[in-house]
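Numbering (our numbering), first residue to last: 491 to 842.
We put the beta carbon where it would ideally sit given N, CA and C, even for glycine.
To start, the structure under review is shown below, and the notes come after it.
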Ligand SMILES: [Zn+2]
């Protein structure tokens, strides 16, 4: 062991402590990264608030990572060298899994995740397992791209996957239900796909204010306005051709089906709480309106690659998405802001 490092440890529900932890060794076939930046994800907030079936406390979270190769493990055969800066995706696949062979990694039951099966990146150093090096979800950070942006490739990956499945294209009118960081990414990716109009709804005014930098054509506060009638007004009565539920509220799925245009595609992006996962959708609307209901979770390495490209080209504007950059010592401050919806993406710089 080579001394200690600073890390954020989730000790118990809603209790994160910045403390000294042993600095990890590079695993066999893997890498030791010095973490430059680590983003805080909506799923981290969920785990901090209510735990996760794959996470045993105390635990180091953080799966949106950019770091520099500090050391390589015994038997390492990868192509990255000491000093290389890498964008790390958390998903680790078994390449022999039949779904992975087909390129449908998101369907693979063999997937494991950094920050669940292995400690995460809210620390000065992270051990990257050998299995991850081979999985296709680690890419070199492009020269000139700041580490705080190379860290947030992962959230864009699922969003790109959603629009791939929804076939979002030129002329679409897209309704994004949810104005958090994921909703903002949906606005950016829908535009990049060619959508003509993008409307965003949320129940919190502060979030609808934050989403304005992504320049949606219209916003709706569905807590105070009647969402279906506002959407009808904004779309000349025809409804959005693509509807994305980017929040965990069951009512959104019901309304998404009610407002979608004839032949529209409804993407169920946000998962629902187990206690409220049967929302009572009127399936006759789905039937008679010829709607497509599209389930989506996870992503494949190609989406991770595309997300990095879109961050590099500015189609995903990292500088608009990342609203707060803080040292690890101010973790709880950043966490609080994110929990209260006063920030979009909060990114920590452990070395600072
Ligand atoms: Zn994430």
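Determine, using beta carbons only, whether residue 529 and residue 641 come nearer to each other than 7 Å. yes
Can you find a heavy atom of ligand 1 that lies under 6 Å from the Cβ of residue 718? Outside the cutoff, so no.
From what residue to what residue does the alpha helix (DSSP H) around residue 541 run? Residue 541 -> no alpha helix (DSSP H), and no H or E assigned at all.
Output the distance between the C-alpha atoms of residue 752 and residue 509, rounded to the nearest integer angstrom. 55 Å
Spatial neighbours of residue 771 within its chain, please: C-beta separation below 7 Å, excluding the five flanking residues on both sides. 743, 744 and 747
Where in the region 545 to 602 do unbroken runs of the alpha helix (DSSP H), each at least 4 residues long, occur, reported from the N-terminal end onward? List check, alpha helix (DSSP H) in window: 588 to 591.
Secondary structure of residue 629, DSSP reduced to three states: The answer is strand: DSSP assigns residue 629 an E or B state.
Taking the straight line between their C-alpha atoms, what separation do you get for residue 628 and residue 582? Across the structure, residue 628 and residue 582 are spaced so that their CA atoms are roughly 10 Å apart.
Please confirm whether any heavy atom of ligand 1 lies closer than 6 Å to the CB of residue 531. yes
Please name the residue or residues paired with residue 615 in a DSSP beta bridge. 524
Own chain residues within Cβ distance below 7 Å of residue 693, not counting five before or after: 711, 712 and 713
Pull up the distance between the alpha-carbon of residue 649 and that of residue 759, whole angstroms please. 8 Å
For residue 741, which of 667, 781, 795 and 811 has the nearest alpha-carbon? Residue 741 has its Cα closest to that of 667, out of 667, 781, 795 and 811.
Less than 8 Å between the CB atoms is what I'm expecting for residue 502 and residue 547, so what's the real figure, rounded? 6 Å
Would you check whether ligand 1 has a heavy atom nearer than 6 Å to the C-beta of residue 644? yes
Alpha helix (DSSP H) runs wholly inside the region 630 to 696, at least 4 long, in chain order: 637 to 640, 643 to 656 and 671 to 683
May I ask you to report which of helix, strand or coil DSSP gives residue 763? coil
Contact set for residue 493: own chain, Cβ-Cβ below 6 Å, skip 5 residues either direction: 513
If you reduce the DSSP assignment to three classes, tell me which class residue 740 lands in. helix
On the criterion of 16 or more Cβ atoms from any shown chain inside 10 Å, does residue 595 qualify as buried, or is it exposed? buried
If we ignore side chains and look at the alpha-carbon of each, how far apart do residue 675 and residue 699 end up? Whole-angstrom Cα-Cα distance: 15 Å.
Determine the direct distance from the alpha carbon of residue 644 to that of residue 570, and round the result to whole angstroms. 20 Å
Where residue 684 and residue 653 are concerned, what is the direct C-alpha to C-alpha distance, given to the nearest angstrom? 11 Å
Would residue 622 be called buried (16 or more neighbouring beta carbons within 10 Å of its own) or exposed? buried
If I measure Cβ to Cβ from residue 784 and keep anything under 8 Å in the same chain, skipping five residues before and after, which residues do I get? 652, 655, 656, 755, 756, 757 and 758
With a threshold of 6 Å, establish whether the CB of residue 592 neighbours any heavy atom of ligand 1. no
Quick test of the definition: if touching needs 3 or more C-beta pairs under 8 Å, does the region 833 to 840 touch the region 528 to 543? Using a Cβ-Cβ distance cut-off of 8 Å, the region 833 to 840 and the region 528 to 543 are in contact, since at least three pairs of beta carbons, one from each stretch, lie closer than that value.
Pick from 659, 688 and 730: whose alpha carbon is nearest that of residue 673? 688
For residue 506, which beta-bridge partners are listed by DSSP? 500
Ligand 1 heavy atom lying under 6 Å from the CB of residue 696: No - ligand 1 has no heavy atom lying nearer than 6 Å to the Cβ of residue 696.
From residue 611 to residue 829, what does the alpha carbon distance come to, in whole angstroms? 19 Å
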